[in-house]
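Asks:
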Amino acid sequence: MTAELHTMTGAYALDAVSAADRAEFERHLGECAACRQEVAELRATGARLGVAAAVDPPPSLKLVVLADVARTRQLPPRVPVVRRLSRAKTWQVRFALFGAAAAAVVAVVFGVVRTPAPVDSVLSAPDAAAIQGAGEGHTTLVVSRSRHQAVLLASDLPALDAGHVYQVWLIGGGHARSAGLMTTEVSQRMLVADLPADVDRIGITVEPAGGSAGPTTPAVTRISLA
Amino acid sequence: MGERGRLRLPPDEAPAPAPSAEELLARVAAGDETAFASLYDLVAGPVLGLATRVLRSHAQAEEVAQEVLVEVWRKATRYEPDRGSALSWVLTIAHRRAVDRVRSHQAGVDREERAGLMDVRRPFDEVTESTLAGLEQQRVRQCLAALTDLQRESIVLAYYNGYTYPEVAEVLKVAPGTVKTRIRDGLIRLRDCLGVDR
Numbered sequence: 011m012t013a014e015l016h017t018m019t020g021a022y023a024l025d026a027v028s029a030a031d032r033a034e035f036e037r038h039l040g041e042c043a044a045c046r047q048e049v050a051e052l053r054a055t056g057a058r059l060g061v062a063a064a065v066d067p068p069p070s071l072k073l074v075v076l077a078d079v080a081r082t083r084q085l086p087p088r089v090p091v092v093r094r095l096s097r098a099k100t101w102q103v104r105f106a107l108f109g110a111a112a113a114a115v116v117a118v119v120f121g122v123v124r125t126p127a128p129v130d131s132v133l134s135a136p137d138a139a140a141i142q143g144a145g146e147g148h149t150t151l152v153v154s155r156s157r158h159q160a161v162l163l164a165s166d167l168p169a170l171d172a173g174h175v176y177q178v179w180l181i182g183g184g185h186a187r188s189a190g191l192m193t194t195e196v197s198q199r200m201l202v203a204d205l206p207a208d209v210d211r212i213g214i215t216v217e218p219a220g221g222s223a224g225p226t227t228p229a230v231t232r233i234s235l236a
Numbered sequence: 006m007g008e009r010g011r012l013r014l015p016p017d018e019a020p021a022p023a024p025s026a027e028e029l030l031a032r033v034a035a036g037d038e039t040a041f042a043s044l045y046d047l048v049a050g051p052v053l054g055l056a057t058r059v060l061r062s063h064a065q066a067e068e069v070a071q072e073v074l075v076e077v078w079r080k081a082t083r084y085e086p087d088r089g090s091a092l093s094w095v096l097t098i099a100h101r102r103a104v105d106r107v108r109s110h111q112a113g114v115d116r117e118e119r120a121g122l123m124d125v126r127r128p129f130d131e132v133t134e135s136t137l138a139g140l141e142q143q144r145v146r147q148c149l150a151a152l153t154d155l156q157r158e159s160i161v162l163a164y165y166n167g168y169t170y171p172e173v174a175e176v177l178k179v180a181p182g183t184v185k186t187r188i189r190d191g192l193i194r195l196r197d198c199l200g201v202d203r
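This is how it looks when you write it as structure tokens:
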């Protein structure tokens, strides 16, 4: 553990880091038990600041939340999943190191696992803009039109059975092009895709293992670039 | 789910102490909506207050609080007690959501202009004058006051304004690395002052 990375615990615990820093530090957290402990303590400290800001919520909020809860399905508990990875044995080794629950990051460029180097290029572009997705999981798309690239960060997508994967689609100009597959072994994923100018939205669908030539199910998550 | 939850309850004799947030969350994980309503009463105030501090807009804060509280229901099965208290877990979700909302909303806005438009020396005063009223709040205020100015301002801007540490550095006119270490040093002092376990 480098001293440089270790000092990030405070900023990370307060969410005071960029998406790129967050991903890098979470990779480090997977390997550093002392850092995880410190982050937990500093987060709990931050939570005290949150408690200090408490207000009386309006009664309407409780009604709305309880009504939502009554029709919201809960996530199943996380159980260890062993799944075959089709490529890049080195990544299998790294997954083993991180553990299934640790926040690991995979960069997939059109289905090929590579180093996350292009990620920095997109995130540091002067026109980089972050867009939140709507639907399952937490998705953030960082887009740079000048670099013709986009980085998709996804976490907490519901786990799929061994026969299915998430497939990411670049949609626009009347067709959908695959940007790659995402499996659910890790809690956070990153996918880098070249971004043709006519793409105006991104969709994530559930497809049979190995992916499909075109989307075969409705999107579970959508991100509009318009 | 509800049936099983009822069977596990102790017989109705002396009034039991109010269940902790952790106990409630465990029952929520088993699908108990009544336990969720009790958990709501414990956490909704801090969640909404925090979202309001970060987002400023009451309408947006209520939206985010609603999303967070439903997320607590959805993800109750993923809570790991050995990684922190239930309240800390809920507020971590709330802070992340509020900050993500601020950053997606503000992406594209010229950041320097934004920093220039805000009176950044105000947040701590606002915290001390308007929000920190009760006993718990007084302890937090005392412990915050024991920090150096730079530690306190860095933590307040990061946590209550949702700034990244480079943004805090820009606003306070110091090096990003300095802010990063001051946030950590300040939080450690705050942790020790407040007697936080996890």
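So the protein sequences, as listed, match chains G and Y. Using my numbering, the first residue of the first sequence is number 11, and each one after it goes up by one. Using my numbering, the first residue of the second sequence is number 6, and each one after it goes up by one. C-beta atoms are modelled at their ideal positions from N, C-alpha and C, and glycine is treated no differently. Note that the structure is a prediction, hence the values are computed from the model and not measured.
With 16 as the cutoff for other CB atoms within 10 Å, does G:H185 come out buried or exposed?
Replies: Taking the first residue of the first sequence as 1, we reach residue 185 of chain G at position 175. Exposed, because fewer than 16 other Cβ atoms sit within 10 Å of the Cβ of G:H185.
Asks: Of all the options G:Q159, G:T82, G:G145, which has the alpha carbon lying nearest to the alpha carbon of G:G213?
Replies: Counting from one through the first sequence, the residue named residue 213 of chain G turns up at place 203. Minimum Cα distance to G:G213 is reached at G:G145.
Asks: Establish whether the CB of Y:P51 and some CB of chain G are separated by less than 8 Å.
Replies: In the second sequence, counting from the first residue as 1, residue 51 of chain Y sits at position 46. It does: the Cβ of Y:P51 has a partner Cβ on chain G nearer than 8 Å.
Asks: For G:E217, which beta-bridge partners are listed by DSSP?
Replies: Residue mapping note: residue 217 of chain G aligns to position 207 of the first sequence, counting from 1. DSSP lists G:V175 as partners of G:E217.
Asks: Quick check: what's the CA-CA separation for G:M18 versus Y:K185?
Replies: Position 8 of the first sequence, counting from 1, holds the residue named residue 18 of chain G. Position 180 of the second sequence, counting from 1, holds the residue named residue 185 of chain Y. Straight-line Cα distance between these residues: approximately 6 Å.
Asks: Hey, how far is the Cα of G:D171 from the Cα of Y:R144?
Replies: Position 161 of the first sequence, counted from the start, is the residue given in the question as residue 171 of chain G. Position 139 of the second sequence, counted from the start, is the residue given in the question as residue 144 of chain Y. G:D171 and Y:R144: Cα-Cα distance of roughly 49 Å.
Asks: Using the three-state DSSP reduction, which class does G:Q84 fall into: helix, strand or coil?
Replies: Numbered from its first residue, the first sequence carries residue 84 of chain G at position 74. Reduced to three states, the DSSP call for G:Q84 is coil.
Asks: Between the Cα of Y:Y168 and those of G:L24, G:L15, G:D137, G:V79, spot the shortest distance and give me the residue it belongs to.
Replies: By 1-based counting over the second sequence, the position of residue 168 of chain Y is 163. Checking every option, the nearest Cα to that of Y:Y168 belongs to G:L24.
Asks: Grab the span of the alpha helix (DSSP H) containing G:H185 for me, first residue to last.
Replies: For the purposes of this step, residue 185 of chain G is taken as residue 175 along the first sequence, with counting starting at 1. Here G:H185 belongs to no alpha helix (DSSP H); instead the beta strand (DSSP E) covers 185-192.
Asks: Go ahead and label G:D31 buried or exposed: buried means 16 or more other beta carbons lie within 10 angstroms of its beta carbon, across all protein chains shown.
Replies: Along the first sequence, read from residue 1 onward, the residue named residue 31 of chain G stands at position 21. Buried is the call here.
Asks: Please name the residue, chosen from Y:C148, Y:S43, Y:Y164, Y:A49, that lies closest to G:V27 on a Cα-to-Cα basis.
Replies: Counting from 1 along the first sequence, the entry for residue 27 of chain G is found at position 17. Minimum Cα distance to G:V27 is reached at Y:Y164.
Asks: Counting C-beta neighbours from all protein chains within 10 Å, is the total for Y:R189 16 or more, i.e. buried, or is it exposed?
Replies: Within the second sequence, the letter at position 184 stands for residue 189 of chain Y. Result: buried.
Asks: May I ask you to verify whether the region 26-34 of chain Y touches the region 48-62 of chain G, counting CB pairs closer than 8 Å and requiring at least 3?
Replies: Flag = no, the region 26-34 of chain Y and the region 48-62 of chain G do not touch.
Asks: How would you call Y:A40, buried or exposed, if buried means at least 16 neighbouring beta carbons within 10 angstroms?
Replies: Your numbering for residue 40 of chain Y matches position 35 in the second sequence. Flag for Y:A40 reads buried.
Asks: Would you kindly report the start and end of the unbroken beta strand (DSSP E) that includes G:A164?
Replies: For the purposes of this step, residue 164 of chain G is identified with residue 154 of the first sequence, where counting begins at 1. From DSSP, the beta strand (DSSP E) with G:A164 extends over 159-165.
Asks: In angstroms with no decimal places, state the Cα-to-Cα distance between G:Q1 and G:D137.
Replies: Outside the displayed range of chain G (11 to 236) lies residue 1 of chain G, so it cannot be described from this structure.
Asks: Does the Cβ of G:V175 have 16 or more other Cβ atoms within 10 Å, making it buried, or fewer, making it exposed?
Replies: For this step, residue 175 of chain G is matched to residue 165 along the first sequence. Its Cβ being crowded by 16 or more others within 10 Å, G:V175 is buried.
Asks: Thinking C-beta only, is G:H38 closer than 8 Å to G:L15?
Replies: For this step, residue 15 of chain G is matched to residue 5 along the first sequence. For this step, residue 38 of chain G is matched to residue 28 along the first sequence. Going by C-beta atoms, G:L15 is nearer than 8 Å to G:H38.
Asks: The beta strand (DSSP E) spanning G:S234 covers which residue range?
Replies: The residue given as residue 234 of chain G occupies position 224 in the first sequence. Where G:S234 is concerned, the enclosing beta strand (DSSP E) stretches over 231-234.
Asks: What are the partner residues of G:L151, as DSSP defines its beta bridges?
Replies: As a working note, residue 151 of chain G is residue 141 in the first sequence. G:L151 pairs with G:I141, G:L162.
Asks: Counting only C-beta atoms, is G:T231 closer than 8 Å to chain Y at any point?
Replies: Looking up residue 231 of chain G in the first sequence gives position 221. Chain Y, which has no Cβ nearer than 8 Å to the Cβ of G:T231, makes this no.
Asks: Would G:T231 and G:V216 qualify as a contact pair, given that the criterion is a beta-carbon distance under 8 Å?
Replies: Residue numbering aside, residue 231 of chain G sits at position 221 when the first sequence is read from its first letter. Residue numbering aside, residue 216 of chain G sits at position 206 when the first sequence is read from its first letter. Cβ atoms of G:T231 and G:V216: not closer than 8 Å.
Asks: Would you kindly work out how many angstroms separate the C-alpha atoms of Y:A103 and G:L167, rounded to a whole number?
Replies: Here residue 103 of chain Y corresponds to residue number 98 of the second sequence, with the count starting at 1. Here residue 167 of chain G corresponds to residue number 157 of the first sequence, with the count starting at 1. Approximately 20 Å, taken between the alpha carbons.
Asks: Spell out whether any CB of chain Y is found under 8 Å from the CB atom of G:S165.
Replies: For the purposes of this step, residue 165 of chain G is taken as residue 155 along the first sequence, with counting starting at 1. No, no contact with chain Y.
Asks: Would G:L162 pass as an interface residue toward chain C - the criterion being a Cβ-Cβ separation below 8 Å?
Replies: The structure shown contains no chain C; the protein chains it does contain are G and Y.
Asks: Under the rule that 16 or more other beta-carbon atoms within 10 Å means buried, what is G:S156, buried or exposed?
Replies: If you number the first sequence from 1, residue 156 of chain G lands on position 146. Exposed, by the Cβ-count rule.
Asks: How is Y:R201 classed by DSSP in three states: helix, strand or coil?
Replies: The count along the second sequence starts at 1 and reaches residue 201 of chain Y at position 196. According to the sequence shown, residue 201 of chain Y is Val rather than Arg. Looking at Y:V201 - three-state DSSP - the assignment turns out to be coil, as it is neither helix nor strand.
Asks: Would you please state the rounded distance, in angstroms, between the beta carbons of G:L162 and G:L201? I believe it to be under 8 Å.
Replies: By 1-based counting over the first sequence, the position of residue 162 of chain G is 152. By 1-based counting over the first sequence, the position of residue 201 of chain G is 191. Contact holds; Cβ gap of about 4 Å.
Asks: Cutting at 7 Å between CB atoms, please list the residues of its own chain near Y:M123, excluding the five before and the five after it.
Replies: In the second sequence, counting from the first residue as 1, residue 123 of chain Y sits at position 118. With a pLDDT of only 43 at Y:M123, under 50, the local geometry of the prediction cannot be trusted, and the value read off the model is given with reservation. Closer than 7 Å at the Cβ level, and outside the excluded window around Y:M123, lies no residue.
Asks: Are the region 72-86 of chain Y and the region 45-55 of chain Y touching, with three or more C-beta to C-beta distances below 8 Å?
Replies: In short, these stretches touch, since the Cβ pair count reaches three.
Asks: Is any beta-carbon of chain Y found at less than 8 Å from that of G:V75?
Replies: Here residue 75 of chain G is taken as the residue at index 65 of the first sequence, counted from 1. With 8 Å as the cut-off, G:V75 counts as an interface residue toward chain Y.
Asks: Tell me which residues share the same chain as G:G183 and place their Cβ nearer than 7 Å to its Cβ, disregarding the 5 neighbours each side in the sequence.
Replies: Sequence index remark: in the first sequence, residue 183 of chain G carries index 173 (1-based). Hits under 7 Å: D208.
Asks: Considering just the uninterrupted stretch of the alpha helix (DSSP H) at Y:L152, what are its terminal residues?
Replies: Residue mapping note: residue 152 of chain Y aligns to position 147 of the second sequence, counting from 1. Element bounds for Y:L152: n/a, residue is neither H nor E.
Asks: Starting from Y:D46, trace the alpha helix (DSSP H) in both directions and tell me its first and last residue.
Replies: For the purposes of this step, residue 46 of chain Y is identified with residue 41 of the second sequence, where counting begins at 1. First-last of the alpha helix (DSSP H) with Y:D46: 38-60.
Asks: Classify G:T82 as buried or exposed, calling it buried when 16 or more other Cβ atoms lie within 10 Å of its own Cβ.
Replies: The residue given as residue 82 of chain G occupies position 72 in the first sequence. Exposed.
Asks: Hey, is the region 31-38 of chain Y in contact with the region 81-101 of chain Y, meaning 3+ C-beta pairs nearer than 8 Å?
Replies: At 8 Å Cβ cutoff, the stretches touch.
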